[in-house]
Every structure is written in structure tokens, then in C-alpha cells.
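2 protein chains.
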Amino acid sequence: MTRTRRILTGFLVLVASSARVWAQDPLPSWNDGAAKKAIVEFVQSTTAQGSPKFVPAEERIATFDQDGTLWVEHPVYSQVIYCLERVPAIVKEKPELANAEPFKTVLTGDREAIAKLPTEDLVKIAAVALSGMSVDDFQAQVKKWLAAAKDSRWKRPYTDLTYQPMQEVLKYFRANGYKTYIVTGGGQDFVRTYAEKTYGIPPEQVVGTAGATKYGYDRSGRPFLTKEPKLLLNDNDAGKPEGIHFMIGRRPHAAFGNSTGDQQMLEYTAAGDGARLMMLVLHDDAKREYAYGPAAGLPDTRVGTFTQALYDEAKRRGWTVISMKSDWKRILAFEP
Amino acid sequence: MTRTRRILTGFLVLVASSARVWAQDPLPSWNDGAAKKAIVEFVQSTTAQGSPKFVPAEERIATFDQDGTLWVEHPVYSQVIYCLERVPAIVKEKPELANAEPFKTVLTGDREAIAKLPTEDLVKIAAVALSGMSVDDFQAQVKKWLAAAKDSRWKRPYTDLTYQPMQEVLKYFRANGYKTYIVTGGGQDFVRTYAEKTYGIPPEQVVGTAGATKYGYDRSGRPFLTKEPKLLLNDNDAGKPEGIHFMIGRRPHAAFGNSTGDQQMLEYTAAGDGARLMMLVLHDDAKREYAYGPAAGLPDTRVGTFTQALYDEAKRRGWTVISMKSDWKRILAFEP
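Here the protein sequences line up with chains A and B, keeping their order. Going by our numbering, the first sequence opens with residue 23, and the numbers climb by one from there. Going by our numbering, the second sequence opens with residue 23, and the numbers climb by one from there.
See the structure below:
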């Protein structure tokens, strides 16, 4: 062996072993355990040439719920806070709303009263906060809000409150040829304003609750789209597989959620042939994040939560439940 | 210069000039002319680092109408033929339709009478042919039909009737980092069954007229989606930019069409900042394909055709009209 070849061989061994080290720990924020093992085994077995579970590159689709799965949803969804904080600006534009409920209550700033507003009232507010403007104006409003708004507990922008272990999962899937999609009950246009920067997920890979838009022209003849209050896709529960078919047209091979709103997406994923991965994030870490649902030992029947029934279904079907407390070394990137 | 370096340099020059030769002719089925020049200049100027018209990779979106833009639409859209040819099977399943119009007329096989059916009747037939079954069953039905059905003029499968010059455009855009989308008035689920194989366009990049689906379970508890007769997206005219926003969430940088149904998609594309390419295929080759619309010298006011008004708008706005007769060396891949 010549000296050059020895150097070259040494170099290749070095590259190969670095690659192996990386391959051995694609998920550094995860503790060893059943959840981490399930993810790594799924990715390895579906991407290794010759594996009986091999999935061709074009069929590698992984879908992720957002609120409570990729970022903090407790105690209130960020989008709900956005809508509530838009109310003063909305009333400025439409003064007749100042004395109409539920806008009147929101304007008082009385947190307790606001927290008690029923879902119908939040829907009324959302309809005004999320439609009636051009798509461009809406995006500008959301971006401006996101740049300034802070979560009340961590005093940080909401986009900082993503789960570091899940960011690693997104990157790990993508590094192995999976297209990662957000499939959220949240507003599609809302999430699209930050998904690329926050998760590396482009707008065309965000499936969410979506309203119609209407094409028209401004005074100079320039076309633009107006957000209408007409719902096209309610991307919750059965709406998730329906939205996945509509927007993607393929069944996911992996799906991650954390609530009853994700149950049908996981069922739909599980019903496909070959290797499928179904995972649910359990919020059981009251100290580092929050504990709610079955982890809190309380029956929780609110929409969009992890009910005991879902927990039981997961166990029965062999879906993997991720314990934030024991599976995650670190939850938020900015915390130790 | 050592001998080794001379060889190496010679090799690099060879590689560079092969690359240049390829770069000089990415569109071999196109004659030199304004249309080919517009495409090549657009792609080069939007992808060259440092170009004032540079478009970042993630924003490279190009949208293509299908019928009449990527494949033959004349004299009848393939999907309409599919629906008509489904009628015997439909009536077998629902015998009560045998004596109901328009099914009765279709069953006679009287081509002249069938050709005269008004649009409302075709919509009635489409509603039954394109909904009421599971998504999986529908895909199987379409695939089976496509494998057997033949166009009446060329006696070939419909999927052979794609335009070779446009196939080259799709590949050229993709080779330069553009995501290519079909944005069709045709059925989204219909086109998705063959788009990947026929155009290299995956299901998630097919935007088309789409109905709702409904999530449910079969007797064994396995979930499935049923195609409903409820229209979610009418992807024609203003529905094209609306569908693009819904499904992609970004404005295209290039859009190709051939009819009034594509007008708003091209306007919406043109209204974006920076470099934008708007092109319309003119069917003016009666010998090799068909001549209709303004090329036929006749006012043609049918829905979805290239009207004189659209031709005039294109000229006024500086959109490029592609003459099939003079811009395309070859139209169909299997012809000389």
C-alpha cells in the first residue's frame, strides 16, 4: 500500500466512522427507550435498500400535528391568543363591534372572563380575525404579531416554544428522504407564515384548517386573494385524513399527534400496508412543560386533548406513547 | 504544466463543454424562436447566482394546466370519455338509471346524440362516475381504464398523447430546482392516478377540481375514504389562483396554460414581484394535432378554449404565445 493510499484509506475510515457515529445518535435530545427505538427502527427499516420494510423515496410521507406535538399548546393555543390580541385592531376598523359580545368582553382585558368564553364565541372572534382581508395583509399581520408577542410563562416568542426532540425527528426523517408535513387543526395560512423558518417545513407542506379565498382585482387592476369566512377544510378528527388525501394524495407512513384530534390520522396511517409508525406525545411533565390529559390523572374531555380513551386505544393498537417526562432529555432548545 | 495536470485540464474542459452543450439545448423538440428563448432566458436568469432576477430554490414554483397544455384535449377531454365509458358499469350497479336521462342516451352509443349532450348532463354523469366509491376503488377503476382505453385518432393510450416539447419543459424546470405542479380543471384524483408516471409529477403536486371525501370504517373496522359528490374546489378560472393558494401557498414564478380557464392563473403569476413567465399554448397545427380557437379563425366561445379576447390580452400584457405549428419541431413523442 502506498502512502497516498494509506492516507486515503485512513480518511475513508474516518468518514465512515463519523457517519456511523451520526447514524447512532440522530436524536440526541431523546433518552434511550421504547419511543426512541421505535423511531430509529422505523426510519432504518424503511430506508435500507433490500429491507423487507423498504419504502420507495416518493412514498416517504410523515405527518405531524402541530399544537402539543411540535410546540407548546398549553394553556391556550397561540392562534387563539393571536385572535384575541387582534380584537383592539379589529374594533378600530369596525367600531360597531366595541359593544357587541364577545368583543366587548375581550376589550375589558379581564383574563378570567376571557378564559371563560365558550368555543362559539372564540369561533366568532376567529372568523373576524382570520378572514375579510387579503392574503398578503393577513400574512403581514401574523408576522408582525409573531415578532412581538411573548408567551406568558417563558417570556419568549411562541416560535421559540418548539420541542427540541421533535425538531430532531423532523430533521432525521428529512435526512432519510421523508417529506415532512404539518397536519394541524390550526389555520393553514397562520401556520404557513412561520413553518418554513420554524420547522423547515415549506408552505406547500402545511395542511391545516382552511377557509376559501376569493380572487379579485384592486383599483389598479392588480389581482389579489381575499380570505373568506367560508370553511373549506376543518382539519381536525376525520378532517385530518380527509385533508391529507386532498392535499397530499398519499397515505402517510408515519404520523405523530397528541390528542383525539389526531386519532383518525393515526388510524388512517396504521391502515396502510407495510411499515407504519404511529406516535402520540403525552404531556406528563408538569415541571418542564405541563401535565394534562391522562397524565394528570383527571378525566379530560375537552376537544383536542389526550383522553383516557385515546390512551387505551393507543395501548391496544400498539401505537407508541411518548412520555415527555421520561423520553425527552430536553424539551425546549433554550433550556438546559 | 505536468502531463497529469494537462490531462486533468483537458478532462475538465471536456466536462465543461459537455455541460455547455447540454445547457444550450435543454429543449430539443423546440424550434428556435421567441417562445423557446423566453423559457431558456427565464430559467437561466432566475437560477444563476448573482442574477438580478435570481429566485431562491424554495420559491421556484411552476404551474402547468394539463388539458391542451400538457396533452391533447381535442375533440373531448379524456376525463369526459372516462365518465361516458363508465356508464354501462354504473347502470349495472344502479339499474334504475338505465331509463333515466342522460344515462339512457349514453347507453345507446349514438355518438352524435352523445356529443350533443349539454354540460349539465355531463356534470350529472361525472357526479356518478367520480363519486360514491372509495378512493381506492376509484383509483383502481381509472388505472384499469387508462391501461385499456385508446384515443380514436392515434389508437394509443391517452397517456401517450402528451406533448414532447412540454415534457422537456417540465424536465428542464425540475433540473433547475423548480417544483412543477399540474393545476388542472380536471379531477384531482383522476389526474393523480397517472401524473407521476406520465409527467414525473407526484400526487401532492397535482392541484385539480376536487370533491370532499368522507372518512369512515368498513365492517372489519378498517378506515377508508369515500368520494362525496360535494365540490370543494372548482379549479377553473378564478378557482386556479384560489386552488394554488390553498394547495401550495406560494405564487408561481411561471405558469403555462392554453385557455380562458388559465387566464386568472397567469394574471396571478404575473402580479408577483421579480421574474415571472406566462405562456399560452396555441393550437394552430391542424395537420399534426388540431387547430381551434383564434388559430381556426373562428370565434370560439366554448368554456375552456383560447378565445380571441385571451389572445389579445396575452399580446397586450406581453405573455408568450406558443405556436404548436412553428415553435414545436415534434408534438408527440411517438411521431417523427
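Beta carbons: idealized from backbone N, C-alpha and C, even for Gly.
Is any beta-carbon of chain B found at less than 7 Å from that of Leu-247 (chain A)? Sequence index remark: in the first sequence, residue 247 (chain A) carries index 225 (1-based). Yes, its Cβ sits closer than 7 Å to a Cβ of chain B.
I'd like to know if the region 263-281 of chain B and the region 168-183 of chain B are in contact, where contact means that at least 3 CB-CB pairs between them fall below 8 Å. Result no; under three Cβ-Cβ pairs closer than 8 Å.
Inspect the CB distances between the region 201-215 of chain B and the region 251-267 of chain B and report whether three or more fall short of 8 Å. Touching, yes, given that three or more Cβ pairs across the two stretches are closer than 8 Å.
Please confirm whether Ala-297 (chain B) has its beta-carbon closer than 7 Å to some beta-carbon of chain A. Residue 297 (chain B) sits at position 275 when you count from the first residue of the second sequence. No - not a single Cβ of chain A is within 7 Å of the one on Ala-297 (chain B).
Going by alpha carbons, who is nearest to Ala-149 (chain A) out of A:Val-343, A:Ala-232, A:Val-191? By 1-based counting over the first sequence, the position of residue 149 (chain A) is 127. The option with the nearest alpha carbon to Ala-149 (chain A) is A:Ala-232.
Given a cut-off of 7 Å on the beta-carbon distance, is the pair Tyr-237 (chain B) and Glu-264 (chain A) in contact? As a first step, residue 237 (chain B) is located in the second sequence; it is residue number 215 there, counting from the start. As a first step, residue 264 (chain A) is located in the first sequence; it is residue number 242 there, counting from the start. If you check the CB distance, Tyr-237 (chain B) and Glu-264 (chain A) come in under 7 Å.
For Ser-156 (chain A): DSSP bridge partner residues: Your numbering for residue 156 (chain A) matches position 134 in the first sequence. Answer by DSSP bridge pairing, in chain order: A:Thr-248.
Taking the straight line between their C-alpha atoms, what separation do you get for Asn-198 (chain A) and Leu-192 (chain B)? On the first sequence, position 176 is the one that residue 198 (chain A) refers to. On the second sequence, position 170 is the one that residue 192 (chain B) refers to. Taking the straight line from one Cα to the other gives about 26 Å.
Residues of the region 251-276 of chain A whose Cβ lies closer than 7 Å to any Cβ of chain B, in chain order: Leu-254, Ala-260, Pro-263, Glu-264, His-267, Phe-268, Met-269, Ile-270, Gly-271, Arg-272
Show which residues of chain A have a CB atom less than 8 Å away from the CB atom of Ala-293 (chain B). The count along the second sequence starts at 1 and reaches residue 293 (chain B) at position 271. Here the neighbours are Arg-244, Pro-245, Phe-246.
Is Trp-93 (chain A) helix, strand or coil by DSSP? Your numbering for residue 93 (chain A) matches position 71 in the first sequence. In this structure, Trp-93 (chain A) counts as strand in the three-state DSSP scheme.
Can you tell me whether Val-343 (chain A) is buried or exposed, with buried defined as 16 or more other CB within 10 angstroms of its CB? By one-based count along the first sequence, residue 343 (chain A) stands at place 321. By the 10 Å Cβ count, Val-343 (chain A) comes out buried.
Partners in chain A for Gln-286 (chain B), counting only beta-carbon separations shorter than 9 Å: Translated into the one-based positions of the second sequence, residue 286 (chain B) becomes position 264. The contacting residues are Tyr-237, Pro-245.
Which term fits Asp-47 (chain A), buried or exposed, when burial requires 16 or more other beta carbons within 10 angstroms of its beta carbon? Against the first sequence, residue 47 (chain A) aligns to sequence position 25. That one is exposed.
Which residue comes first and which comes last in the beta strand (DSSP E) that contains Thr-141 (chain A)? Counted from its first residue, the first sequence places residue 141 (chain A) at position 119. Taken as a continuous stretch (DSSP letters only), Thr-141 (chain A) belongs to no beta strand (DSSP E), being part of the alpha helix (DSSP H) at 141-151.
Are the CB atoms of Leu-168 (chain A) and Trp-93 (chain A) within a distance shorter than 7 Å? Along the first sequence, read from residue 1 onward, the residue named residue 93 (chain A) stands at position 71. Along the first sequence, read from residue 1 onward, the residue named residue 168 (chain A) stands at position 146. Against a cut-off of 7 Å, the Cβ pair of Leu-168 (chain A) and Trp-93 (chain A) comes out as no contact.
For Val-65 (chain B), collect the residues of the same chain with a Cβ closer than 7 Å to its Cβ; drop the 5 residues on either side in sequence, then sort them by chain order. Within the second sequence, residue 65 (chain B) is the residue found at index 43, counting from 1. Taken in chain order, the residues that qualify are Tyr-194, Phe-195, Asn-198.
Quick check on DSSP: helix, strand or coil for Thr-327 (chain A)? Residue mapping note: residue 327 (chain A) aligns to position 305 of the first sequence, counting from 1. Three-state DSSP puts Thr-327 (chain A) in coil, outside helix and strand.
Phe-160 (chain B) classed as buried or exposed, judged by whether at least 16 other C-beta atoms fall within 10 angstroms: By one-based count along the second sequence, residue 160 (chain B) stands at place 138. That one is buried.
Any idea what DSSP makes of Ser-100 (chain A), helix, strand or coil? Counting from one through the first sequence, the residue named residue 100 (chain A) turns up at place 78. Here Ser-100 (chain A) sits in helix by DSSP.
Report all residues from its chain with a CB closer than 7 Å to the CB of Gly-224 (chain B); omit the five preceding and five following residues, and keep chain order. If you number the second sequence from 1, residue 224 (chain B) lands on position 202. Per the sequence shown, the amino acid found at residue 224 (chain B) is Pro instead of Gly. The answer, listed in chain order, is Glu-218.
Along the region 211-225 of chain B, what residues have a CB closer than 8 Å to any CB found in chain A? Residues Asp-211, Arg-214, Glu-218, Pro-224, Pro-225.
Check whether the region 55-65 of chain A touches the region 283-290 of chain A, counting contact only when three or more Cβ pairs, one atom from each stretch, lie closer than 8 Å. no
Around the Cβ of Pro-117 (chain B), are there at least 16 other Cβ atoms within 10 angstroms (buried) or fewer (exposed)? As a first step, residue 117 (chain B) must be located in the second sequence, where it is residue number 95. With fewer than 16 Cβ atoms within 10 Å of its Cβ, Pro-117 (chain B) is classed as exposed.
Could you compute how far the alpha carbon of Tyr-221 (chain A) sits from the alpha carbon of Gln-189 (chain A)? Taking the first sequence and counting its residues from 1, one reaches residue 221 (chain A) at position 199. Taking the first sequence and counting its residues from 1, one reaches residue 189 (chain A) at position 167. Cα-Cα distance, rounded: 7 Å.
Let me confirm a value: Thr-202 (chain B) is counted as buried when at least 16 other C-beta atoms fall within 10 Å, else exposed. Which label applies? On the second sequence, residue 202 (chain B) is found 180 positions in, with the first residue counted as 1. By the 10 Å Cβ count, Thr-202 (chain B) comes out buried.
Under 7 Å, Cβ to Cβ, is there at least one residue of chain A near Tyr-314 (chain B)? Here residue 314 (chain B) corresponds to residue number 292 of the second sequence, with the count starting at 1. No, Tyr-314 (chain B) does not count as interfacial toward chain A.
Taking the beta strand (DSSP E) that Val-77 (chain A) belongs to, which residues open and close that run? The residue given as residue 77 (chain A) occupies position 55 in the first sequence. That residue, Val-77 (chain A), is in no beta strand (DSSP E); it is neither H nor E in DSSP.
Relative to the C-alpha of Thr-181 (chain A), which candidate in A:Tyr-104, A:Arg-244, A:Arg-241 has its C-alpha closest? The residue labelled residue 181 (chain A) in the question sits at position 159 within the first sequence. Distances from the CA of Thr-181 (chain A) to each of A:Tyr-104, A:Arg-244, A:Arg-241 were compared; the closest alpha carbon is that of A:Tyr-104.
Residue burial classification, Gln-101 (chain A) (beta-carbon count within 10 angstroms, cutoff 16): Position 79 of the first sequence, counting from 1, holds the residue named residue 101 (chain A). Label assigned to Gln-101 (chain A): buried.
Short Cβ contact (7 Å threshold) for Arg-244 (chain B) with Ala-293 (chain A): Sequence index remark: in the second sequence, residue 244 (chain B) carries index 222 (1-based). Sequence index remark: in the first sequence, residue 293 (chain A) carries index 271 (1-based). Yes. Within cutoff.
Going by DSSP in three states, Val-43 (chain B) sits in which element: helix, strand or coil? Taking the second sequence and counting its residues from 1, one reaches residue 43 (chain B) at position 21. For Val-43 (chain B), the predicted structure reports a pLDDT of 46, less than 50, and the residue's modelled location is therefore unreliable. The matter cannot be settled from this model.
Between the CA atoms of Leu-253 (chain B) and Leu-152 (chain B) - distance to the nearest angstrom: As a position in the second sequence, residue 152 (chain B) is number 130, starting the count at 1. As a position in the second sequence, residue 253 (chain B) is number 231, starting the count at 1. Distance between Leu-152 (chain B) and Leu-253 (chain B), taken at the CA atoms: about 11 Å.
Just the chain B side, please: which residues come within less than 7 Å of Glu-107 (chain A) by C-beta, in chain order? The sequence position of residue 107 (chain A) within the first sequence is 85, counting from 1. Simply none; closest approach about 24 Å.
Among the candidates B:Tyr-333, B:Pro-140, B:Thr-291, B:Gly-230, whose CA atom is the shortest distance from the CA of Arg-82 (chain B)? To locate residue 82 (chain B), count along the second sequence from 1; it is residue 60. The shortest Cα separation from Arg-82 (chain B) among B:Tyr-333, B:Pro-140, B:Thr-291, B:Gly-230 belongs to B:Thr-291.
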